[in-house]
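Here is the structure we will look at, set down as structure tokens.
2 protein chains.
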Amino acid sequence: MEFTVTKLSALFPDMEQALKDAILKEGSIKTVKEGELLVSSGQYIKSAMLVVDGLVKVSREDEDGKEFLMYYLEPGSACALSLLCAARSEKSAISAKAVSNATIITVPFVLTETWQTKYRTWHEFVVATYRKRFEELLITLDSVAFKSMDERLVFYLKRQMKVSGKLLAISHQEIANDLSTAREVVSRLLKKLEQSGAIALSRNHIEIINLDKIFD
Amino acid sequence: MEFTVTKLSALFPDMEQALKDAILKEGSIKTVKEGELLVSSGQYIKSAMLVVDGLVKVSREDEDGKEFLMYYLEPGSACALSLLCAARSEKSAISAKAVSNATIITVPFVLTETWQTKYRTWHEFVVATYRKRFEELLITLDSVAFKSMDERLVFYLKRQMKVSGKLLAISHQEIANDLSTAREVVSRLLKKLEQSGAIALSRNHIEIINLDKIFD
DNA sequence: TTGCCAAAGTGATTATTGTCACTGAAATGA
DNA sequence: TCATTTCAGTGACAATAATCACTTTGGCAA
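Chain order of the listed sequences is A and B. Okay, so the first sequence: first residue is 1 according to the working numbering, each after it adds one. Okay, so the second sequence: first residue is 217 according to the working numbering, each after it adds one.
Okay, structure coming up:
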């Protein structure tokens with residue numbers, strides 16, 4: 001896929017012209033296949049990453065490999081971590097994985113740091129990104145801290161629906177990983193949701209019928 | 217307590233002179249007593265808050281009043297939320313409470329927004345604050361997502377020790393609130409820790425003897 | 001000093017979640 | 001098409017945490 005200023009404008013409408021030019025000039029375009037890792041746990045991040053196409057899933061991982069879904073990145077958004085770790089080039093305990101075929105623009109930190117003062121709209125973009133990720137993280141934290149597994153599952157399905165539509169191509173095991181629980185637990189709770197008519201189950205697919213009646 | 221540029225310099229060593237002058241000129245100094253609320257849940261935040269003395273506890277709250285400790289703010293730090301909510305003057309689902317008598321400098325958002333471009337070091341301070349809070353939030357998230365209650369309690373006590381020393385003046389109920397669990401659970405687990413010699417219990421006080429041997 | 005109240009201790013019970021050990025059912029591909 | 005692998009369903013059980021219903025203790029004030 002090739003990028004022009006026009007396409008970039010659609011994704012990042014608030015950026016000034018000079019910044020978009022700079023992104024096209026200095027950034028490298030990277031395409032990743034579905035399932036591929038963009039950032040793996042323990043890796044050093046050296047570039048800012050802008051998602052321009054596809055969907056990227058950002059997870060947290062602990063020492064023994066258990067993972068946990070933090071949030072999704074859609075086209076037009078950036079990973080706050082990829083901006084955060086910037087300053088220190090720190091090791092990250094997060095991983096980023098392409099959920100669908102995706103296209104990313106990467107810009108080395110050395111450059112983006114100078115952009116902070118050079119382009120006002122870059123700075124604004126960074127701050128807006130921080131804020132958005134922070135809010136999403138808080139919502140994720142809420143659901144772990146205050147909700148039980150059945151509520152968390154419904155919350156999860158709703159979020160999935162937002163990014164992938166009503167027909168989810170996902171296994172129970174993957175859901176269990178994202179929620180950091182066991183597959184059997186997910187299977188049982190999904191079954192309950194099916195019985196209540198909220199979803200329809202088939203192998204590797206979940207069709208969301210109506211989750212609104214469930215909780216609040 | 218009165219503030220001079222010298223005192224401010226010690227707390228915020230990276231700020232440029234002009235910025236420190238501006239803080240003293242434009243900010244209002246606010247003192248709060250132990251236990252007082254700085255920000256209560258549902259309130260609109262209209263100012264950036266810089267902690268210059270004392271200790272402030274930042275918690276998340278859900279609809280039915282259950283709370284959850286996010287992190288502590290020590291002198292020289294700012295609440296990321298108080299910077300984040302800035303742009304939108306959004307309602308916050310967080311509360312900030314003074315753990316000890318505390319002194320805060322508040323600066324209205326209208327001003328701090330202009331500071332973003334006016335003072336390079338203010339911008340850097342904001343970004344550094346975001347990063348720090350984000351990291352702390354991730355660590356908090358880790359402990360909820362991956363750890364069981366006994367591990368979380370030890371983690372909690374260690375964090376308390378960092379901000380308040382080895383003798384904690386805190387009730388079991390308060391710990392339970394911070395961890396979003398029941399008092400009985402905390403009492404039982406504390407008892408276990410006492411039996412293992414890691415802590416000593418007395419009414420309204422917990423003395424930390426050695427938590428290093430416990431876990432990892 | 002006594003009486004009260006908040007804090008802490010405790011046993012019993014329930015609910016939720018995690019684990020184990022399977023079986024069966026679809027997809028894949030050789 | 002058959003064989004292998006992956007995914008899903010399920011019952012039994014264990015472990016953890018939450019809830020309930022108390023009792024006990026210590027600190028403080030009248």
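Just so you know, even glycine gets a beta-carbon here, dropped at the ideal spot from N, CA and C.
Between the CA atoms of residue j and residue i - distance to the nearest angstrom
| i | j | result |
| --- | --- | --- |
| V248 of chain B | L254 of chain B | 8 Å |
| G281 of chain B | L168 of chain A | 34 Å |
| A264 of chain B | V402 of chain B | 35 Å |
| T291 of chain B | K30 of chain A | Checking the sequence, you will find Pro at residue 291 of chain B rather than Thr. Distance between the alpha carbons of P291 of chain B and K30 of chain A: 43 Å. |
| I175 of chain A | L69 of chain A | 9 Å |
| I105 of chain A | H388 of chain B | 50 Å |
| Y72 of chain A | E423 of chain B | 43 Å |
| D432 of chain B | F350 of chain B | Confidence at D432 of chain B is low in this model, with a pLDDT of 46, below 50, so the placement of that residue is unreliable and no value is reported for it. |
| A226 of chain B | E352 of chain B | 23 Å |
| A344 of chain B | Q43 of chain A | 21 Å |
| S196 of chain A | F146 of chain A | 23 Å |
| K166 of chain A | I209 of chain A | 7 Å |
| F109 of chain A | S77 of chain A | 17 Å |
| E232 of chain B | H123 of chain A | 19 Å |
| M377 of chain B | V144 of chain A | 25 Å |
| V163 of chain A | L297 of chain B | 26 Å |
| K158 of chain A | E184 of chain A | 20 Å |
| S305 of chain B | S202 of chain A | At S305 of chain B, the pLDDT of 41 sits below 50, so the modelled position is not reliable and the matter cannot be decided from this model. |
| I261 of chain B | K241 of chain B | 21 Å |
| L111 of chain A | F12 of chain A | 18 Å |
| T437 of chain B | I170 of chain A | The structure shown does not extend to residue 437 of chain B, since chain B is modelled only from 217 through 432, so no value can be given for it. |
| K223 of chain B | S256 of chain B | 29 Å |
| A302 of chain B | E67 of chain A | At A302 of chain B the pLDDT is 46, less than 50, meaning the model places this residue with poor confidence; the figure from the coordinates comes in the next sentence. If I take the Cα positions, the gap works out to 32 Å. |
| G243 of chain B | Y119 of chain A | 28 Å |
| T356 of chain B | L211 of chain A | 29 Å |
| L50 of chain A | T220 of chain B | 43 Å |
| N101 of chain A | A318 of chain B | 51 Å |
| N204 of chain A | L138 of chain A | 30 Å |
| A22 of chain A | D237 of chain B | 36 Å |
| D14 of chain A | K191 of chain A | 44 Å |
Which residues DSSP lists as bridging residue i, in chain order
| i | result |
| --- | --- |
| S380 of chain B | S380 of chain B is not bridged to any residue. |
| T319 of chain B | B:T247 and B:D269 |
| R276 of chain B | B:F284 and B:I310 |
| A78 of chain A | A:L50 |
| E400 of chain B | For E400 of chain B, which the question treats as bridged, DSSP gives no partner whatsoever. |
| H421 of chain B | B:S418 |
| L504 of chain B | Examination of residue 504 of chain B is not possible in this model, given that chain B is present from 217 through 432 alone. |
| P324 of chain B | B:S263 |
| L253 of chain B | B:K313 |
Supposed contact pair residue j and residue i - C-beta distance, whole angstroms, cut 8 Å
| i | j | result |
| --- | --- | --- |
| V56 of chain A | A96 of chain A | 5 Å |
| R347 of chain B | I310 of chain B | About 18 Å separates the two Cβ atoms, so there is no contact after all. |
| T121 of chain A | L19 of chain A | 6 Å |
| D53 of chain A | D278 of chain B | Incorrect: roughly 36 Å between the Cβ atoms, too far for contact. |
| V315 of chain B | E250 of chain B | 7 Å |
| I214 of chain A | A198 of chain A | 5 Å |
| V323 of chain B | C295 of chain B | Not confirmed; about 12 Å, so no contact. |
| L193 of chain A | M149 of chain A | Actually they do not touch by this definition, with Cβ atoms about 12 Å apart. |
Residue i beta carbon near the ligand NAP (any heavy atom closer than 6 Å)
| i | result |
| --- | --- |
| E36 of chain A | Among the components of this structure there are no ligands whatsoever, and the ligand NAP is therefore not found. |
ask   = Between the segment 353-381 of chain B and chain A, which residues of the former have a C-beta closer than 8 Å to a C-beta of the latter?
value = L353, L354, T356, L357, D358, V360, A361 and F362
query = Below 8 Å, can you find three or more Cβ-Cβ pairs linking the segment 385-395 of chain B to the segment 364-374 of chain B?
reply = yes
key: Contacting positions in the segment 48-68 of chain A - beta carbon closer than 7 Å to chain B   = R60, D62, K66 and F68
query = At a Cβ cut of 7 Å, what residues of the segment 318-331 of chain B count as close to chain A, listed as they run along the chain?
reply = Cβ contacts with chain A: none found.
inquiry  = To be precise: take each residue of the segment 171-183 of chain A, compare its Cβ to all Cβ atoms of chain B, and keep it if any distance is under 7 Å. Which residues remain?
reply    = S180
inquiry  = Output needed in chain order: residues of the segment 118-134 of chain A with a Cβ under 8 Å from some Cβ in chain B.
reply    = R120, H123, V126, V127, A128, Y130, R131, R133 and F134
message = Please identify, using Cβ separations under 9 Å, the residues of the segment 70-83 of chain A that lie next to chain B, in order along the chain.
response = M70, A80, L81 and L83
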